[in-house]
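Everything below concerns the one structure shown next.
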Amino acid sequence: MITAAETCDFINNVVCKPENVNSLFEFGNFGSSDISRTEILILLAAIIPVVLMFFGLRKKSVVPGRLQSVIESIFTFVKDEIALGVIGRGGEKFTPYLISVFMFILVGNLFEVTPLINFPVTSRMALPLFLSLVTYVIFLFVGIRTEGIKYFTNLLWPPGVPVALKPLVGAIELVSVLLVRPFSLAVRLFANLVAGHVMLSLLLASAYFFVVQPGVGEYIISKAPVGLAWFTLGLAIYGFELIVSILQAYIFTLLSAVYIQTSLHPEH
Amino acid sequence: MESAYALIGYGLAAIGPGIGIGLIAGNAVQAMARQPEAAGMVRTTMFLGIAFTEALALIGFVLFFLVG
Numbered sequence: 003m004i005t006a007a008e009t010c011d012f013i014n015n016v017v018c019k020p021e022n023v024n025s026l027f028e029f030g031n032f033g034s035s036d037i038s039r040t041e042i043l044i045l046l047a048a049i050i051p052v053v054l055m056f057f058g059l060r061k062k063s064v065v066p067g068r069l070q071s072v073i074e075s076i077f078t079f080v081k082d083e084i085a086l087g088v089i090g091r092g093g094e095k096f097t098p099y100l101i102s103v104f105m106f107i108l109v110g111n112l113f114e115v116t117p118l119i120n121f122p123v124t125s126r127m128a129l130p131l132f133l134s135l136v137t138y139v140i141f142l143f144v145g146i147r148t149e150g151i152k153y154f155t156n157l158l159w160p161p162g163v164p165v166a167l168k169p170l171v172g173a174i175e176l177v178s179v180l181l182v183r184p185f186s187l188a189v190r191l192f193a194n195l196v197a198g199h200v201m202l203s204l205l206l207a208s209a210y211f212f213v214v215q216p217g218v219g220e221y222i223i224s225k226a227p228v229g230l231a232w233f234t235l236g237l238a239i240y241g242f243e244l245i246v247s248i249l250q251a252y253i254f255t256l257l258s259a260v261y262i263q264t265s266l267h268p269e270h
Numbered sequence: 148m149e150s151a152y153a154l155i156g157y158g159l160a161a162i163g164p165g166i167g168i169g170l171i172a173g174n175a176v177q178a179m180a181r182q183p184e185a186a187g188m189v190r191t192t193m194f195l196g197i198a199f200t201e202a203l204a205l206i207g208f209v210l211f212f213l214v215g
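Chains D and R, in that order, give the protein sequences.
Going by the working numbering, the first sequence wraps up at 270, each residue one higher than the last.
Going by the working numbering, the second sequence wraps up at 215, each residue one higher than the last.
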């Protein structure tokens, strides 16, 4: 984004955009020997929750230590609020999946506000898309197992739809459940993190561009306040992004639970 | 010039979800003030509603990057 602004033709282009937007959707080469930064961070995001869980719950003391109480509160939050609160009866079975997704996305998102890393792994489309496809497969599988093949007819035509409306309702439900659901689940996480990352990098880099490297000498006085103002706003957004990354992990897990619930208890 | 249109399109796409999220949050605050014991349930439902509404603005944001 920043390198693109340097090579941008300001006279002909109204909006400057990065040279290659597709790099947001690339993942790296599987099977090749070079490992990208994204892959290392994804591996870290998978390992850190396991390590935290292991050391937090190794000694199950009655009076919990600091780490144990944090891990236990996260665990009970996901179990009670999301798994049992949303799915209800039969929700215990999905607690392991929901808690692993929550911890993985949480750590991946928090890389955005970790100093010296500052890169959310979930801002690569491959990762949220894969996670949402896992949820998609789970709720379709659960639906087929509870209702059999009738799951799809109930999905397309909710009970009580008049015959005349069936083609219209069927088309709407087909698109909204089977296409928009996984897509919006992935895009929600991806776009939130990309927006936050772009905003943070632009605002925090403005201090460098306006104050440290302002160009010709006489501009320093007029440019430095602008840079400092943007930098201050960037620090405020930094705190906001901390909330956003926790909230998005919660929302992804919550929506996964809601989709599983609609398949598990179709009468609601 | 196309990217300017994409930018305008993203701005238009943000209007509806903005109003919607405002309505959801306002009504949730009202519900919590009237019935504080139901605050937990209201909060979960509020986040659900916000997540569904927000998706439209986010799709506009992604399309701005793809088209613009």
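Even glycine gets a Cβ: it sits at the ideal position worked out from N, Cα and C.
Contact annotation, residue 124(D) with residue 107(D): C-beta distance approximately 6 angstroms; criterion of less than 8 angstroms satisfied.
For residue 190(D), the residues of chain R that pass the 8 angstroms Cβ criterion are 198, 201, 202 and 205, in the order they occur in the chain. In the DSSP assignment, residue 39(D) falls within the alpha helix (DSSP H) that extends over 39-58.
Within the segment 231-262 of chain D, the residues whose Cβ lies closer than 8 angstroms to any Cβ of chain R are, in chain order, 249, 252, 253, 256, 257 and 260. One Cα belongs to residue 172(D), the other to residue 162(D), and the distance between them is close to 13 angstroms. The Cβ-Cβ distance between residue 265(D) and residue 144(D) falls below 7 angstroms. Our two residues, residue 47(D) and residue 111(D), have alpha carbons roughly 9 angstroms apart in a direct line. Ranked by how close their Cα comes to the Cα of residue 245(D), the residues 229(D), 195(D), 205(D) and 118(D) have 195(D) in first place.
The DSSP-derived three-state label of residue 76(D) is helix. Using a CB distance cut-off of 7 angstroms, residue 102(D) does not count as an interface residue toward chain R. The three-state secondary structure of residue 68(D), taken from DSSP, is helix. Residue 166(D) and residue 238(D) have their C-alpha atoms roughly 54 angstroms apart. With a cutoff of 7 angstroms on beta-carbon distance, residue 255(D) and residue 103(D) are scored as near each other.
Burial state of residue 39(D) is exposed, judged by a 10 Å Cβ sphere holding fewer than 16 other Cβ atoms. The Cβ atoms of residue 114(D) and residue 247(D) sit closer than 7 angstroms to each other. Taking residue 159(R) as the centre and dropping the five residues before and after it, the same chain places no C-beta closer than 7 angstroms to its C-beta.
Only 83, 87 and 88 from the segment 54-88 of chain D bring a Cβ to less than 8 angstroms from some Cβ of chain R. In this chain, the alpha helix (DSSP H) harbouring residue 180(R) covers 149-181. Taking C-beta separations shorter than 8 angstroms and ignoring five residues to either side along the sequence, the partners of residue 259(D) in its chain run 84, 85, 88, 89, 93, 96 and 100, following chain order. At a cut-off of 7 angstroms between beta carbons, residue 193(D) contacts chain R.
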